[in-house]
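Trainee:
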Amino acid sequence: MKSVMPVVMLVLSLMGLKSVANITLTGPPHPCQINATSGSFLCLNKKIQQMPTDIPKNTTRVIVSENGCLERICDFSFANLSTLSEMTISNTGLEKLPDFSQIKLAVHYFLLDLEDNTHLKEILSNAFQGLGNGITADLDISDTKVNFLPETMLGSIQTLVATSVASLKRLPRLDLFTDLKDANLTYPSHCCAFANFRKNRSFVRPESCDKPNVHLEEPVFYRDKCKVQEEVICYPKPDAFNPCEDIMGHTYLRVLIWIICVLAIVGNAVVLLVLLTSHYKLTVPRFLMCHLAFADLCMGIYLMIIASVDIHTRSHYYNYGIDWQTGVGCRVAGFFTVFASELSIYTLTVITLERWHTITYAMQLERKLRLRHAAALMAGGWVFSWLVALLPAVGLSSSYVKVSICLPMDVEKVESQSYVVLVLLLNVAAFFGVCACYLRIYTTVRNPQALAPLTSASDTRLAKRMAVLIFTDFLCMAPISFFAISAALKWPLITVSHAKVLLVLFYPINSCANPFLYAFFTKAFKRDFFVLASHFGCFKMQARFYRRESSSVQNSVWVPLPKSSEGTIYSLVHVGHQH
0 MKSVMPVVML VLSLMGLKSV ANITLTGPPH PCQINATSGS FLCLNKKIQQ
50 MPTDIPKNTT RVIVSENGCL ERICDFSFAN LSTLSEMTIS NTGLEKLPDF
100 SQIKLAVHYF LLDLEDNTHL KEILSNAFQG LGNGITADLD ISDTKVNFLP
150 ETMLGSIQTL VATSVASLKR LPRLDLFTDL KDANLTYPSH CCAFANFRKN
200 RSFVRPESCD KPNVHLEEPV FYRDKCKVQE EVICYPKPDA FNPCEDIMGH
250 TYLRVLIWII CVLAIVGNAV VLLVLLTSHY KLTVPRFLMC HLAFADLCMG
300 IYLMIIASVD IHTRSHYYNY GIDWQTGVGC RVAGFFTVFA SELSIYTLTV
350 ITLERWHTIT YAMQLERKLR LRHAAALMAG GWVFSWLVAL LPAVGLSSSY
400 VKVSICLPMD VEKVESQSYV VLVLLLNVAA FFGVCACYLR IYTTVRNPQA
450 LAPLTSASDT RLAKRMAVLI FTDFLCMAPI SFFAISAALK WPLITVSHAK
500 VLLVLFYPIN SCANPFLYAF FTKAFKRDFF VLASHFGCFK MQARFYRRES
550 SSVQNSVWVP LPKSSEGTIY SLVHVGHQH
């Protein structure tokens with residue numbers, strides 16, 4: 000050991016080193032490149048796991064890229080780099096951004112490029128406190144998983160690039176972006192935020208903001224009030240399917256949708272309750288009306304979901320739209336409306352066919368439609384409606400996420416377009432089938448001599464009133480079908496904003512009208528309703544009246560009549576046949 004020491008001392012003497020602390024041969028070579036002339040610190044394609052902390056204090060540019068092994072940067076790695084004007088940390092394994100609060104910048108412009116850090120999820124709320132005030136910054140967080148922007152830096156950002164950042168679904172307070180001029184974002188709805196914010200704030204813009212010397216004459220807080228009014232150039236622009244508006248773009252639509260959904264839910268719930276608790280025999284028409292009321296109830300639930308989300312996101316839909324349209328809620332709402340619509344159309348078609356069959360084959364009792372036949376038909380209708388509603392929900396056809404009202408309006412792909420067109424054509428075919436049946440029924444009704452002896456007068460009244468019901472329903476659906484088919488064929492005649500008017504005024508109107516058309520205004524329903532209410536101590540006098548009337552009818556001269564059409568008119572007119 001003593002023989003080695005003189006050799007070491009000799010080497011140190013020859014190198015002119017005065018202390019062991021300055022030895023550079025004892026450790027590995029520096030993993031990054033330092034260019035003192037340009038002030039650059041480059042770590043390109045270096046397999047380092049931890050950022051060096053010995054960055055020269057006069058560095059103006061730091062570039063760390065192509066290093067998937069780098070998962071952590073110490074908080075003091077960039078301390079006191081006051082001359083730093085550009086920092087690029089891209090394509091690394093970072094999951095959390097380091098703390099920049101120790102940089103203490105003294106420059107006027109700073110570029111922070113964090114793109115392609117596909118594992119980056121978190122930016123600390125105080126990460127940019129060291130950037131200082133009065134600087135102009137450009138921030139790029141493209142292709143990351145960042146879901147939050149700290150407010151401390153927003154006032155300095157002049158250009159914000161956040162493309163392919165699906166996790167950034169909400170923006171901070173817009174009034175914090177006082178210097179922002181250009182934004183390239185992921186979602187079009189965020190561009191709506193800046194457009195609507197400027198429009199809503201324009202009425203409070205001080206006149207002095209337009210004066211050329213405002214930045215010299217006014218205090219800082221007043222100048223910021225002028226800055227926020229500047230127009231932001233933002234991409235991507237909102238498309239035709241997602242305009243810059245709330246789910247219900249107008250106040251009158253917001254009021255109407257609540258009125259209609261309450262009528263649909265309450266009305267159809269009452270119909271279902273009365274039909275299912277009635278002590279009278281369950282006939283085929285009553286069985287079918289139960290299914291129709293349930294379908295219309297589902298439509299009311301859909302409207303309530305849309306109306307509730309609209310109230311919750313009012314004036315801030317840009318911050319909730321992505322979560323809503325891509326979440327489970329929109330899929331559930333879309334499933335409800337498509338299922339309800341198809342089941343309602345199917346049931347109305349079966350009701351019409353049952354009426355036509357009953358009148359046409361009134362004398363042939365062996366051909367009468369039995370309850371088991373109706374159950375088999377409705378089982379097929381439920382399976383069909385379920386499949387049609389399920390396909391967009393699982394992504395096998397047109398998607399529910401295209402528009403804020405969660406209807407399957409995506410026709411970009413061939414399979415999506417085929418799905419929409421096929422469903423609409425089936426609905427149109429059902430409409431023409433109903434028209435054909437009622438044309439035959441009307442022909443029979445207008446020629447009473449041609450009626451079979453066993454067809455009662457109540458059957459003819461049913462035909463007339465059922466025609467009003469069916470044609471009212473399909474008349475409301477006609478505008479929807481027409482404009483939907485044109486849009487599915489990529490010839491849109493109206494915008495999504497106008498389609499919302501159809502959605503509220505035409506699409507669900509039959510769901511809230513049906514209970515009144517086939518139940519509330521009929522004597523049979525009133526009888527069952529008052530009898531049911533009397534069990535709870537209500538309407539006892541009316542219940543006794545309807546019981547006496549029912550008893551007298553059952554004991555009248557009509558009793559001997561055949562039962563060929565017994566109970567077939569429950570939903571629209573009281574049939575005077577025995578039960």
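The sequence shown runs 0 to 578 under numbering that gives the first Met the number 0. By construction, the Cβ of each residue, glycine as well, lies at the ideal position given by its N, Cα and C atoms.
1. Tell me the residue span of the beta strand (DSSP E) that contains Val63.
2. Going along the chain, which residues of its own chain have a beta-carbon closer than 6 Å to the beta-carbon of Cys289, five neighbours each way excluded?
3. Starting from the C-beta of Phe607, find all residues in its chain whose C-beta is less than 6 Å away, skip the five residues before and the five after it, and write them out in chain order.
4. Asn554 to Arg526, Cα distance in whole Å?
5. Do the region 297 to 307 and the region 146 to 162 make contact, defined as three or more Cβ pairs closer than 8 Å?
6. For the beta strand (DSSP E) that contains Thr494, what are its first and last residues?
7. Where does Thr87 fall in DSSP's three states?
8. Which value, in whole angstroms, describes the spacing of the CA atoms of Asp53 and Leu123?
9. Is Cys329 near Tyr399, with beta carbons less than 8 Å apart?
10. From which residue to which residue does the beta strand (DSSP E) around Asp98 run?
11. Using only CA atoms, which one of Thr162, Thr357, Tyr345 and Trp355 lies nearest to Phe383?
12. Using DSSP with H/G/I as helix, E/B as strand and the rest coil, what is Cys42?
13. Just list the residues that DSSP pairs Asp322 with in beta bridges.
14. Using only CA atoms, which one of Thr58, Cys233 and Trp385 lies nearest to Phe109?
15. Expressed to the nearest angstrom, what Euclidean distance is found between the alpha-carbon atoms of Tyr437 and Tyr360?
16. Report the three-state DSSP secondary structure of Phe535 (helix, strand or coil).
17. Can you tell which of Ile310, Ala268, His118 and Pro507 has the C-alpha that lies nearest to the C-alpha of Leu474?
18. Just to confirm the assignment, what range does the alpha helix (DSSP H) spanning Leu281 have?
19. With distances taken Cα to Cα, identify the nearest neighbour of Thr357 among Val349, Leu368, Thr250 and Asn318.
20. Classify Thr36: buried if its beta carbon has 16 or more other beta carbons within 10 angstroms, exposed otherwise.
21. List the DSSP bridge partners of Asn183.
22. Under 8 Å, with one C-beta from each stretch per pair, do the region 265 to 282 and the region 241 to 254 reach the 3-pair mark?
23. Please check the pair Leu119 and Met86, which I expect to be a contact at CB under 8 Å, by giving their CB distance rounded to whole angstroms.
24. Going by the CB atoms, is the gap between Asn116 and Asp89 shorter than 8 Å?
25. Could you tell me which whole beta strand (DSSP E) segments of length 3 or greater appear in the region 232 to 269?
26. By Cβ distance below 6 Å, which residues in the same chain neighbour Thr567 in space, the five residues on each side in sequence not counted?
27. Taking the runs of the beta strand (DSSP E) that are 3 residues or longer, which of them lie wholly in the region 308 to 394?
28. Cβ atoms of Thr91 and Val63: under 8 Å apart, would you say?
29. Do three or more CB pairs link the region 311 to 324 to the region 364 to 381 at distances below 8 Å?
30. Let me check understanding here. Comparing Cα to Cα, which of Arg546, Leu153 and Lys180 lies closest to Ser533?
31. Our contact map puts Val419 next to Val410 with C-beta atoms below 8 Å; I'd like the distance itself, whole angstroms only.
32. For Asp139, does the three-state DSSP call read helix, strand or coil?
33. Across the region 189 to 197 and the region 323 to 337, are there enough close Cβ pairs to call them in contact, namely three or more that are closer than 8 Å?
34. Under the criterion of a Cβ to heavy atom distance below 7 Å, does Val382 qualify as lining the ligand NAP?
35. Between Cys31 and Pro51, which are expected to be in contact by the criterion C-beta below 8 Å, what is the C-beta distance as a whole number of angstroms?
36. State buried or exposed for Asp139, treating a residue as buried only when at least 16 other CB atoms are found within 10 Å of its CB.
Mentor: Quick answer:
1. Arg60 to Asn66
2. Leu274
3. Nothing about residue 607 can be reported from this structure: the residues present for the chain run from 0 to 578 only.
4. In this prediction, Asn554 scores a pLDDT of 48, lower than 50, which makes its location untrustworthy; no coordinate-derived value is stated.
5. no
6. Run containing Thr494: none; DSSP gives neither H nor E here.
7. If DSSP states are grouped into helix, strand and coil, Thr87 belongs with the strands.
8. If you take the alpha carbons of Asp53 and Leu123, they lie about 23 Å apart.
9. yes
10. Unbroken run through Asp98: none, as it is neither H nor E.
11. Tyr345
12. strand
13. DSSP lists no partner for Asp322.
14. For the options Thr58, Cys233 and Trp385, the alpha carbon positioned closest to that of Phe109 is the one of Thr58.
15. 15 Å
16. coil
17. Pro507
18. Per DSSP, Leu281 belongs to no alpha helix (DSSP H) and is neither H nor E.
19. Leu368
20. exposed
21. Val160 and Tyr234
22. With a cut-off of 8 Å, the region 241 to 254 and the region 265 to 282 do not count as touching, because too few Cβ pairs lie within range.
23. No, Leu119 and Met86 are not in contact; Cβ-Cβ is about 14 Å, not under 8 Å.
24. Note that residue 89 is Ser in the sequence shown, not Asp. Going by C-beta atoms, Ser89 is nearer than 8 Å to Asn116.
25. 232 to 234
26. In this prediction, Thr567 has a pLDDT of 37, which is less than 50 and means its spatial position is unreliable; what the coordinates show is noted afterwards. Contacts found: Pro284 and Thr357.
27. none
28. yes
29. no
30. Arg546
31. Indeed, because the Cβ distance is near 6 Å, the residues count as touching under 8 Å.
32. strand
33. no
34. This structure simply doesn't include the ligand NAP, nor any ligand for that matter.
35. 6 Å
36. buried
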